[in-house]
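A.B. asks:
2 protein chains.
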Amino acid sequence: MRAFAEMNIDKLYESIESKGHVCIGLDTCKDYIPDSERKKANDDADAVLSFNKAVIDASFDIAACFKVQIAYYEELGIRGMSVYAQTLKYIRDKGCLVIADIKRGDIADTALRYAKAHFSGDFESDFVTLNPYMGMDSIEPWLKEAKSLGKGAFVLMRTSNPGRKDIESLIVSNNIEQLNINKVQDTNQKYVYNIIGEKISSLTDEYKGRCGYNIFGVVVGCTEREEAAFIRHTYPHLFFLIPGYGTQGGGAQDAALLLNNGNGGVVNASRSIITAWQKKDGAERANYSFAAEAAREAAVKMRDEILKSCKIGV
Amino acid sequence: MRAFAEMNIDKLYESIESKGHVCIGLDTCKDYIPDSERKKANDDADAVLSFNKAVIDASFDIAACFKVQIAYYEELGIRGMSVYAQTLKYIRDKGCLVIADIKRGDIADTALRYAKAHFSGDFESDFVTLNPYMGMDSIEPWLKEAKSLGKGAFVLMRTSNPGRKDIESLIVSNNIEQLNINKVQDTNQKYVYNIIGEKISSLTDEYKGRCGYNIFGVVVGCTEREEAAFIRHTYPHLFFLIPGYGTQGGGAQDAALLLNNGNGGVVNASRSIITAWQKKDGAERANYSFAAEAAREAAVKMRDEILKSCKIGV
Numbered sequence: 042m043r044a045f046a047e048m049n050i051d052k053l054y055e056s057i058e059s060k061g062h063v064c065i066g067l068d069t070c071k072d073y074i075p076d077s078e079r080k081k082a083n084d085d086a087d088a089v090l091s092f093n094k095a096v097i098d099a100s101f102d103i104a105a106c107f108k109v110q111i112a113y114y115e116e117l118g119i120r121g122m123s124v125y126a127q128t129l130k131y132i133r134d135k136g137c138l139v140i141a142d143i144k145r146g147d148i149a150d151t152a153l154r155y156a157k158a159h160f161s162g163d164f165e166s167d168f169v170t171l172n173p174y175m176g177m178d179s180i181e182p183w184l185k186e187a188k189s190l191g192k193g194a195f196v197l198m199r200t201s202n203p204g205r206k207d208i209e210s211l212i213v214s215n216n217i218e219q220l221n222i223n224k225v226q227d228t229n230q231k232y233v234y235n236i237i238g239e240k241i242s243s244l245t246d247e248y249k250g251r252c253g254y255n256i257f258g259v260v261v262g263c264t265e266r267e268e269a270a271f272i273r274h275t276y277p278h279l280f281f282l283i284p285g286y287g288t289q290g291g292g293a294q295d296a297a298l299l300l301n302n303g304n305g306g307v308v309n310a311s312r313s314i315i316t317a318w319q320k321k322d323g324a325e326r327a328n329y330s331f332a333a334e335a336a337r338e339a340a341v342k343m344r345d346e347i348l349k350s351c352k353i354g355v
Numbered sequence: 042m043r044a045f046a047e048m049n050i051d052k053l054y055e056s057i058e059s060k061g062h063v064c065i066g067l068d069t070c071k072d073y074i075p076d077s078e079r080k081k082a083n084d085d086a087d088a089v090l091s092f093n094k095a096v097i098d099a100s101f102d103i104a105a106c107f108k109v110q111i112a113y114y115e116e117l118g119i120r121g122m123s124v125y126a127q128t129l130k131y132i133r134d135k136g137c138l139v140i141a142d143i144k145r146g147d148i149a150d151t152a153l154r155y156a157k158a159h160f161s162g163d164f165e166s167d168f169v170t171l172n173p174y175m176g177m178d179s180i181e182p183w184l185k186e187a188k189s190l191g192k193g194a195f196v197l198m199r200t201s202n203p204g205r206k207d208i209e210s211l212i213v214s215n216n217i218e219q220l221n222i223n224k225v226q227d228t229n230q231k232y233v234y235n236i237i238g239e240k241i242s243s244l245t246d247e248y249k250g251r252c253g254y255n256i257f258g259v260v261v262g263c264t265e266r267e268e269a270a271f272i273r274h275t276y277p278h279l280f281f282l283i284p285g286y287g288t289q290g291g292g293a294q295d296a297a298l299l300l301n302n303g304n305g306g307v308v309n310a311s312r313s314i315i316t317a318w319q320k321k322d323g324a325e326r327a328n329y330s331f332a333a334e335a336a337r338e339a340a341v342k343m344r345d346e347i348l349k350s351c352k353i354g355v
């Protein structure tokens, strides 16, 4: 009998049970690093790595997981990619889970290359983010690779940026015979993002973890409160990666609406955590540990706010 | 008076006038490399670089441009990213244009990081491919950066893979009051991909090259002949990056339907060109130059077929 890899979705579920819902986003830009440390570093890439390590050291016990936005590392070229790889490894060596925020999406053969790139080798991560625009044949190669390695993914569904209205929130009418002007006003209407939700929801049981969630979840921003409860209700087996907290305007109550009995989602915050040090007294004399302590403090505050909203009910 | 950068869209237009429509795709997988050469190389990444250089040397005078699919390099980790950077540089040093097939797409701040990553530094390219799922605020930062640097992009519109039907070809009805069952049957119907086309088409004149095309074009596969003429007619100012030729089933006539007076599009072929050597007599004794000559021959054949279809009319 073949032993299947332990599923990361179950590890993430358990991590949330013990550490809360905060996903710390390491979208580390050189401008977020204290000046004194940046001046001492060999180059910006080195400074980014040292900063990341300090934040990880200070917060790994209270973060459900980390998310690393690869764009910030690609910007620094080959050196940046090396720091990206080292950051992923540092998080995983601490026994923490990491989401590679890569938003890749491409046709079959190419998707398989990407899957190998980000589920193994230098850039190995535990979860990735995927862009579904090209259709399910751009997702399926990842799914097979993920299942055999215990990995997971979050497919973009309804994101937190204003531009989400351009494509994601278009009303679709492929089943036009079922539509009329009255119906389109009610909840029978479907958006492009619902098509994504339905496709990822309809994965068979072989793609489910013991926790009851599919190994592939979706990205749902906490920036539109009025739709949140309905989305959560519609996709009970989908785990949510929830951006939009803090800088983008979402709050603890918005995030809590997207959770399921206090689990089923991680809430990402990047800038509001890793730049928290800039708003503190003494910021002008900040070093890595000052910045890392401020990040931990911001993450703990966010964790407690979300936990409180879950308890109160919303 | 500020001197603006010369626009790559104009260079591409001129390149097509003198060299035809072929874009050679360097989706170079280790399995595409002759065994004898692979065995001699230090590692797969080195073999990929040598293979790419041989193909570029043999074909740069007959290729309108090259396209490099980054997934194949990401798969090889840090070493692969270095070979990716060296491949781009080798093409550009030959005076040729290169499209970085990266299909990135992310929100504003992140999009700007990506734009800096792929329009300058180690990974500098002339054009990129972009994924519009998250909306126009994921495209705009690229646009500003492109304009100031003379760069360009191709936004995914209607791709060549079967999965294009899942999202790209959904019928949208945000203007539901204008729709009824009859109208949806005629050409007034809009697909998700038309929304992309409209948005990129509606860029103001400051984003146009001297050749009359917008600096951002779109990706339109040549795999659905019945829609091709209509799409070409609908977006006269959009330059098309055309995948789907060869292995994916599109032919010269299909591609020619997407051109505009013999310009306005480049037709990409990857596998059918770079693995052409495998079908030749003597393939078992192939080396880099054998493979590169076969690639040139396949590219010339494709170029001539497309030119012939343009002349005949279709």
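Residue numbers (the working numbering), protein chains in the order written: chain A, 42 to 355; chain B, 42 to 355.
We put the beta carbon where it would ideally sit given N, CA and C, even for glycine.
1. Step through the CB atoms of chain A and report whether any lies within less than 8 Å of the CB of residue 172 of chain B.
2. Pull the bridge partners of residue 244 of chain B from the DSSP assignment, please.
3. Counting only runs of 4+ residues fully inside the region 48-102 of chain B, write out the alpha helix (DSSP H) ranges in chain order.
4. With distances taken Cα to Cα, identify the nearest neighbour of residue 114 of chain A among A:107, A:106, A:123, A:108.
5. Express the C-alpha separation of residue 189 of chain A and residue 43 of chain A in angstroms, rounding to a whole number.
6. Going by CA-CA distance only, name the one from B:255, B:196, B:209 that's closest to residue 52 of chain B.
7. Measuring CA to CA, which of A:159, A:261, A:304, A:274 is closest to residue 285 of chain A?
8. Cα separation between residue 233 of chain A and residue 210 of chain A?
9. Just curious, the alpha helix (DSSP H) that residue 188 of chain B is in, first and last residue?
10. Under 8 Å between C-beta atoms, does residue 75 of chain A make it to chain B?
11. Mind listing the chain A neighbours of residue 268 of chain B? Cutoff is C-beta to C-beta under 8 Å, in chain order.
12. By how many angstroms is the C-alpha of residue 172 of chain B removed from the C-alpha of residue 164 of chain A?
13. Using a Cβ-Cβ cut-off of 8 Å, state whether residue 128 of chain B counts as contacting chain D.
14. Looking only at its chain, what residues have a beta carbon closer than 6 Å to the beta carbon of residue 169 of chain A, apart from the 5 residues adjacent to it on each side?
15. Could you check where the beta strand (DSSP E) with residue 194 of chain B kicks off and where it finishes?
16. Taking the alpha-carbon positions, what's the residue 269 of chain B to residue 146 of chain A distance?
17. Run through the region 246-272 of chain A for me and flag every whole beta strand (DSSP E) of 3 or more residues, listed as ranges in chain order.
18. So with CB distances below 7 Å, who are the chain A contacts of residue 110 of chain B?
19. Quick one, are the C-beta atoms of residue 252 of chain B and residue 297 of chain B less than 8 Å apart?
20. For the region 129-144 of chain B, enumerate the residues whose C-beta is nearer than 7 Å to any C-beta of chain A, in chain order.
21. Please name the residue in A:101, A:153, A:94 whose C-alpha comes closest to that of residue 117 of chain B.
22. With DSSP as the reference, label residue 296 of chain B as helix, strand or coil.
23. Please identify the residue among B:247, B:149, B:257, B:249 whose C-alpha is closest to the C-alpha of residue 241 of chain B.
24. Could you tell me which chain A residues have their CB closer than 8 Å to the CB of residue 164 of chain B, listed as they occur along the chain?
25. Is the shortest distance between the beta-carbon of residue 208 of chain A and the beta-carbons of chain B less than 8 Å?
26. Could you compute how far the alpha carbon of residue 71 of chain B sits from the alpha carbon of residue 333 of chain B?
27. Please classify residue 231 of chain A as buried or exposed, where buried requires at least 16 neighbouring CB atoms within 10 angstroms.
28. Which residue wins for smallest C-alpha separation from residue 321 of chain B, given the options B:309, B:167, B:339, B:304?
29. May I ask you to list, following chain order, the residues of the region 181-206 of chain B that have a beta carbon less than 9 Å from some beta carbon of chain A?
30. If you draw a straight line from the alpha carbon of residue 106 of chain B to that of residue 133 of chain B, how long is it in whole angstroms?
31. Should residue 346 of chain A be labelled buried (16 or more other beta-carbon atoms within 10 Å of its own) or exposed?
32. Just reading off the alpha helix (DSSP H) that residue 348 of chain B is part of, what are its end residues?
33. What residues of chain B sit near residue 146 of chain A, judged by a beta carbon separation below 9 Å?
34. Just list the residues that DSSP pairs residue 108 of chain B with in beta bridges.
35. Cα separation between residue 222 of chain B and residue 212 of chain A?
36. Is the beta carbon of residue 175 of chain A less than 8 Å from the beta carbon of residue 148 of chain A?
C.D. replies: The answer reads as follows:
1. Looking up residue 172 of chain B in the second sequence gives position 131. At a cut-off of 8 Å between beta-carbon atoms, residue 172 of chain B makes contact with chain A.
2. Counted from its first residue, the second sequence places residue 244 of chain B at position 203. Its beta-bridge partners do not exist; DSSP assigns none.
3. 49-60, 76-81, 85-100
4. Position 73 of the first sequence, counting from 1, holds the residue named residue 114 of chain A. Checking every option, the nearest Cα to that of residue 114 of chain A belongs to A:123.
5. Residue numbering aside, residue 43 of chain A sits at position 2 when the first sequence is read from its first letter. Residue numbering aside, residue 189 of chain A sits at position 148 when the first sequence is read from its first letter. Only weak support is given to the placement of residue 43 of chain A: the predicted model assigns it a pLDDT of 46, under 50, and the question is left unresolved by the model.
6. Within the second sequence, the letter at position 11 stands for residue 52 of chain B. Taking each of B:255, B:196, B:209 in turn and checking the Cα distance to residue 52 of chain B, the smallest one comes out for B:255.
7. Here residue 285 of chain A refers to the residue found at position 244 of the first sequence. For residue 285 of chain A, the nearest C-alpha among the options comes from A:261.
8. Here residue 233 of chain A refers to the residue found at position 192 when the first sequence is read from its first residue. Here residue 210 of chain A refers to the residue found at position 169 when the first sequence is read from its first residue. Cα-Cα distance, rounded: 6 Å.
9. Reading the second sequence from its first residue, position 147 is the one you call residue 188 of chain B. Unbroken alpha helix (DSSP H) run through residue 188 of chain B: 181-190.
10. Numbered from its first residue, the first sequence carries residue 75 of chain A at position 34. Residue 75 of chain A does not count as touching chain B.
11. Within the second sequence, the letter at position 227 stands for residue 268 of chain B. Near residue 268 of chain B there are no residues of chain A at all, since even the closest Cβ is about 16 Å away, more than 8 Å.
12. The residue labelled residue 164 of chain A in the question sits at position 123 within the first sequence. The residue labelled residue 172 of chain B in the question sits at position 131 within the second sequence. Roughly 22 Å separates the two Cα atoms.
13. The chain inventory of the structure shown lacks chain D, comprising the protein chains A and B.
14. Here residue 169 of chain A is taken as the residue at index 128 of the first sequence, counted from 1. The residues are 141, 143, 159, 194.
15. Here the question's residue 194 of chain B lines up with position 153 in the second sequence. 193-199 is the span of the beta strand (DSSP E), which, as asked, contains residue 194 of chain B.
16. For the purposes of this step, residue 269 of chain B is identified with residue 228 of the second sequence, where counting begins at 1. For the purposes of this step, residue 146 of chain A is identified with residue 105 of the first sequence, where counting begins at 1. Using only the alpha carbons, I get a separation of about 24 Å.
17. Here the runs fully enclosed are 257-261.
18. One-based indexing of the second sequence puts residue 110 of chain B at position 69. Simply 151.
19. Along the second sequence, read from residue 1 onward, the residue named residue 252 of chain B stands at position 211. Along the second sequence, read from residue 1 onward, the residue named residue 297 of chain B stands at position 256. Not a contact, by the Cβ cut-off of 8 Å.
20. 144
21. Reading the second sequence from its first residue, position 76 is the one you call residue 117 of chain B. Closest option to residue 117 of chain B, Cα to Cα, is A:153.
22. Along the second sequence, one-based indexing puts residue 296 of chain B at 255. Looking at residue 296 of chain B - three-state DSSP - the assignment turns out to be helix.
23. To locate residue 241 of chain B, count along the second sequence from 1; it is residue 200. When C-alpha distances from residue 241 of chain B are compared across B:247, B:149, B:257, B:249, the shortest belongs to B:257.
24. Numbered from its first residue, the second sequence carries residue 164 of chain B at position 123. Ordered by position in chain A, the residues that pass the 8 Å Cβ test against residue 164 of chain B are 115, 118.
25. The count along the first sequence starts at 1 and reaches residue 208 of chain A at position 167. Nearest CB-CB separation between residue 208 of chain A and chain B: below the 8 Å threshold.
26. In the second sequence, counting from the first residue as 1, residue 71 of chain B sits at position 30. In the second sequence, counting from the first residue as 1, residue 333 of chain B sits at position 292. Near 15 Å, if we compare the C-alpha coordinates of residue 333 of chain B and residue 71 of chain B.
27. Start at 1 with the first residue of the first sequence, and residue 231 of chain A comes out as number 190. Buried: at least 16 other Cβ atoms inside 10 Å.
28. Here residue 321 of chain B is taken as the residue at index 280 of the second sequence, counted from 1. Of B:309, B:167, B:339, B:304, the residue nearest in Cα terms is B:339.
29. Legend: CB atoms of the region 181-206 of chain B lying less than 9 Å from CB atoms of chain A belong to residues 181, 197, 200, 201, 202, 203, 204, 205, 206.
30. On the second sequence, position 65 is the one that residue 106 of chain B refers to. On the second sequence, position 92 is the one that residue 133 of chain B refers to. Near 10 Å, if we compare the C-alpha coordinates of residue 133 of chain B and residue 106 of chain B.
31. Taking the first residue of the first sequence as 1, we reach residue 346 of chain A at position 305. Burial call: buried.
32. If you number the second sequence from 1, residue 348 of chain B lands on position 307. Residues 329-353.
33. Along the first sequence, one-based indexing puts residue 146 of chain A at 105. The answer, in chain order, is 144, 146, 172, 174, 197.
34. On the second sequence, position 67 is the one that residue 108 of chain B refers to. B:66, B:140.
35. Locating residue 222 of chain B in the second sequence gives position 181, counting from the first residue. Locating residue 212 of chain A in the first sequence gives position 171, counting from the first residue. Annotation note: pLDDT 36 at residue 222 of chain B (below 50); position unreliable, no value reported.
36. Sequence index remark: in the first sequence, residue 175 of chain A carries index 134 (1-based). Sequence index remark: in the first sequence, residue 148 of chain A carries index 107 (1-based). Their beta carbons are under 8 Å apart, which means residue 175 of chain A touches residue 148 of chain A by this criterion.
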